[in-house]
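Q: Here the protein sequences line up with chains A and B, keeping their order.
Sequence positions in the first sequence follow my numbering and run 1218 to 1499.
Sequence positions in the second sequence follow my numbering and run 1218 to 1499.
Quick reminder that beta carbons are idealized off the backbone N, C-alpha and C, glycines included.
Submitted below is the structure of interest, expressed as structure tokens.
There are 2 protein chains.
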Amino acid sequence: MLVSESCLAEPDMLISTQYPIMVVGGAEDKVNGCDILANFFASAGGAGASIGIIPCASREPAVVGDRYYQLFTQMGAKQVQILDIRCPDEANELRWLEVLNVCTGVFVTGGDQLRLCSLIGGTALLDQIKLKLRSGKLVLAGTSAGAAMMGETMIAGGSSGESPSQSLVELMPGLGILPELLVDQHFHNRNRMARLMSAIAAHPDKLGIGIDEDTCVAVDGVGTFQVLGKGTVTVIDPGSMTYTNHPQVLETAPLSLHNLKVHILSQGDRYDYRNRRVIATR
Amino acid sequence: MLVSESCLAEPDMLISTQYPIMVVGGAEDKVNGCDILANFFASAGGAGASIGIIPCASREPAVVGDRYYQLFTQMGAKQVQILDIRCPDEANELRWLEVLNVCTGVFVTGGDQLRLCSLIGGTALLDQIKLKLRSGKLVLAGTSAGAAMMGETMIAGGSSGESPSQSLVELMPGLGILPELLVDQHFHNRNRMARLMSAIAAHPDKLGIGIDEDTCVAVDGVGTFQVLGKGTVTVIDPGSMTYTNHPQVLETAPLSLHNLKVHILSQGDRYDYRNRRVIATR
């Protein structure tokens, strides 16, 4: 795979804070500037980074893993390793825990989030990722399926082009990296507002986060994130919702959700997801 | 055109109040029950109704006009007439004003809202429609393009599948029947959330109203409406918006809109659009 010279340069956006967790809406730029990937690379330690790639969401893990291997290698990482785990038992094996142990950054690729969760969920590898995140020894990024899995509740599938309804979205347990959030990705690109609304009707304790392609929710503090990239991040906050007809109505019936707070955020916007408010920066 | 027996029956939903204005999201049922059209027919006087059809949005006004002519005739209207106006001057002619004069209901069909506005905007016919609405002597329904034209500001075109941006939506003056509202239609069906958000960023004094297909905003009082039909009505209320980057950024740049209030409404929900609050009915 060819990587343009521009991806080898420092990212356009200066890093003032490490991003311990980066949730990417899929289709992040891999050719022109590679801003989001370069930010991840810098957050993980730049030339000193040891990066692990988890390609388990993909049905072509070798191909997808190699693509990111080339990218991070050409960016100048000290070490890049692919955690090509093919069955859940493998994710409990010492050899992979040892690989993870030296990682300063882990990148989770796209594919199918159900596949990813079935391979990684409930394993020692996931426990160790969470442990390293809590102790500040790891930067974690996930794109597309690797973003969808971040919440305690995960959108496993669904449709667009219909009114919000219970049947519009399929929900499953996620990996719980950011338990408060219910993440959707390729958001406006694949017209997923109705399915995220439907998901939030079922889980009004969560905060809906819809991330566009080549756009990133970059956690930059305790319970805060900023938006990086080319698109928008849509926040659906049902904290003040006064009424929903979920689940009283038929699964295919249109949903009501009264009094949602919604934010459309773009690059540079910051949001406090613990206290559910936009942080005024301009 | 065939009309099923079921469209000849009384509507399923009992009419307790006349709806002076009905804003329909397009593709209203014309075969099975015809709930929305039957509600319009009943509001306009049922067997005593004299209905005028304005097919001017369509490039095939004779075909579209005839389709609704058949429907309302078979429902049992006393009189149905098609106001097949082909140039703006015609809409000032006495013959059409006389037709309108006897109408208890006017139905505006789908097509191209720009075409509709260029034929009807600023004419004596439009003035008389507004006059009759104000004096309670007319019921007005518009579907698709006939819905889009209701506001003072109108969405004339746009895209989906992209992040909200200024370039995502084309805005023009509408006919100002419901000046407070900025209406989009075929809403979730054609994935128009991003374009309505983009329109609201440009006109934060308006209330965004996205109406799904076979769904209707039925004005049922002074500044209030209820939702009828199979889908949802999305209300985007920027009344408490704290920040937007519109129009400072490039036309193609992603937009920020902080602190929108959003409601997803379904059948039976009522909304006070003057005071911008859901009316608690359950």
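(1) What three-state label does DSSP hand Arg1284 of chain B in the structure shown?
(2) Can you look up Gly1375 of chain B in the DSSP assignment and give me helix, strand or coil?
(3) Quick check on Gln1484 of chain B: buried or exposed, where buried means 16 or more other Cβ atoms within 10 Å of its Cβ?
(4) Taking 8 Å as the threshold (beta carbon to beta carbon), is Pro1455 of chain B in contact with chain A?
(5) Could you pull out every unbroken alpha helix (DSSP H) segment of at least 4 residues lying fully inside the region 1241 to 1318 of chain A, listed in chain order?
(6) At a Cβ cut of 7 Å, what residues of the region 1403 to 1415 of chain B count as close to chain A, listed as they run along the chain?
(7) Could you give the DSSP three-state label for Met1230 of chain B: helix, strand or coil?
(8) Out of B:Ala1261, B:Ile1299, B:Gly1293, which one is the CA nearest neighbour of Ala1279 of chain B?
(9) Residues of chain A with a CB under 7 Å from the CB of Gly1448 of chain B: which are they?
(10) Using C-beta distances below 7 Å, list every residue in its chain close to Lys1295 of chain B, excluding the 5 sequence neighbours before and after it, in chain order.
(11) Answer yes or no: does any C-beta atom of chain A fall closer than 8 Å to that of Val1325 of chain B?
(12) Can you confirm whether His1475 of chain B, when its beta carbon is compared against all beta carbons of chain A, has any partner nearer than 8 Å?
(13) Between the beta-carbon of Gly1386 of chain A and the beta-carbon of His1475 of chain B, is there less than 8 Å?
(14) Within this structure, are the beta carbons of Thr1449 of chain B and His1420 of chain B separated by less than 8 Å?
(15) Could you give the distance in angstroms between the alpha-carbon of Leu1455 of chain A and the alpha-carbon of Asn1408 of chain A?
(16) Could you name the residues that DSSP lists as bridge partners for Gly1438 of chain A?
(17) Please report how far the alpha carbon of Gly1328 of chain A lies from the alpha carbon of Ser1380 of chain B, in whole angstroms.
(18) With a threshold of 16 other CB atoms inside 10 Å of the CB of Thr1370 of chain B, please say whether the residue is buried or exposed.
(19) Is Met1389 of chain B helix, strand or coil by DSSP?
(20) Rounding to the nearest angstrom, what Cα-Cα distance links His1243 of chain A and Trp1313 of chain B in this structure?
(21) Identify every residue that forms a DSSP beta bridge with His1480 of chain A.
(22) Going by C-alpha to C-alpha distance, which of B:Glu1430, B:Tyr1460, B:Phe1258, B:Gly1282 sits closest to Thr1321 of chain B?
(23) At a cut of 8 Å, does the region 1240 to 1254 of chain A reach the region 1353 to 1373 of chain A through at least three beta carbon pairs?
(24) Is Leu1424 of chain A helix, strand or coil by DSSP?
(25) Answer with buried or exposed for Asn1462 of chain B, where buried requires no fewer than 16 other C-beta atoms within 10 angstroms of its C-beta.
(26) Beta-carbon within less than 8 Å of Glu1227 of chain B's beta-carbon, same chain only, minus the 5 sequence neighbours each way: which residues are those?
(27) Helix, strand or coil: how does DSSP classify Leu1225 of chain B here?
(28) Identify, in the order they occur along the chain, each residue of the same chain with its Cβ nearer than 6 Å to the Cβ of Thr1393 of chain B, setting aside the five sequence neighbours on each side.
(29) Is it buried or exposed for Glu1430 of chain B, if we count other Cβ within 10 angstroms and need 16 for buried?
(30) Mind pulling the chain A residues with CB within less than 8 Å of Val1193 of chain B?
(31) Check Ile1417 of chain B in the structure and name its three-state DSSP category.
(32) Against Ile1495 of chain A, what residues of chain B qualify as contacts under a CB-to-CB distance less than 8 Å, listed in chain order?
(33) Determine the direct distance from the alpha carbon of Val1297 of chain B to that of Gly1262 of chain B, and round the result to whole angstroms.
(34) Looking only at its own chain, which residues have a Cβ that is under 7 Å from the Cβ of Ser1457 of chain B, when we skip the five neighbours before and after it?
(35) Alpha carbon to alpha carbon, how far is Arg1412 of chain A from Leu1317 of chain B?
(36) Measuring alpha carbon to alpha carbon, tell me which residue in A:Ser1384, A:Ile1417, A:Leu1288, A:Lys1447 is nearest Val1466 of chain B.
A: The answer reads as follows:
(1) Residue state for Arg1284 of chain B is assigned as helix, using DSSP reduced to three classes.
(2) strand
(3) buried
(4) Cβ-Cβ to chain A under 8 Å: no for Pro1455 of chain B.
(5) The region 1241 to 1318 of chain A contains these whole alpha helix (DSSP H) runs: 1252 to 1260, 1278 to 1292.
(6) His1405, Asn1406, Asn1408, Met1410, Ala1411, Met1414
(7) With a pLDDT of 41 at Met1230 of chain B, under the threshold of 50, the modelled position of that residue is not reliable, and no figure is offered here.
(8) Of B:Ala1261, B:Ile1299, B:Gly1293, the residue nearest in Cα terms is B:Ile1299.
(9) Residues of chain A passing the Cβ test: Ser1380, Pro1471.
(10) Within the same chain, Lys1295 of chain B has close Cβ partners Ala1264, Gly1265, Ala1266, Ser1267.
(11) no
(12) Yes, because at least one Cβ of chain A sits closer than 8 Å to the Cβ of His1475 of chain B.
(13) As written in the sequence, residue 1386 of chain A is Val, which differs from the Gly given in the question. Cβ distance not < 8 Å, so Val1386 of chain A and His1475 of chain B don't count as in contact.
(14) no
(15) The question names Leu, but residue 1455 of chain A is Pro in the sequence shown. Rounded to whole angstroms, Pro1455 of chain A to Asn1408 of chain A spans 20 Å at the Cα level.
(16) A:Thr1441
(17) 22 Å
(18) buried
(19) strand
(20) Before going further, note that residue 1243 of chain A is Gly rather than His in the sequence given. Using only the alpha carbons, I get a separation of about 56 Å.
(21) A:Val1452
(22) B:Phe1258
(23) Enough Cβ pairs lie closer than 8 Å, so yes.
(24) strand
(25) buried
(26) With a pLDDT of 45 at Glu1227 of chain B, under the threshold of 50, the modelled position of this residue cannot be trusted; read the value that follows with caution. Cβ neighbours of Glu1227 of chain B beyond the five flanking positions: Ala1255, Ala1259.
(27) The predicted model places Leu1225 of chain B with a pLDDT of 48, which falls under 50 and marks its position as unreliable; any figure quoted below should be read in that light. The answer is helix: DSSP assigns Leu1225 of chain B an H, G or I state.
(28) In the sequence on display, residue 1393 of chain B carries Gly and not Thr. Glu1369.
(29) Its Cβ being crowded by 16 or more others within 10 Å, Glu1430 of chain B is buried.
(30) Given that chain B is displayed from residue 1218 to residue 1499, the structure contains no residue 1193 of chain B and the question cannot be resolved.
(31) helix
(32) Reading off the sequence shown, one finds Val at residue 1495 of chain A, where the question assumed Ile. For Val1495 of chain A, the residues of chain B that pass the 8 Å Cβ criterion are Thr1459, Tyr1460, His1475, Asn1476, in the order they occur in the chain.
(33) 12 Å
(34) Asn1476, Lys1478
(35) Going by C-alpha positions, Arg1412 of chain A is about 43 Å away from Leu1317 of chain B.
(36) A:Lys1447
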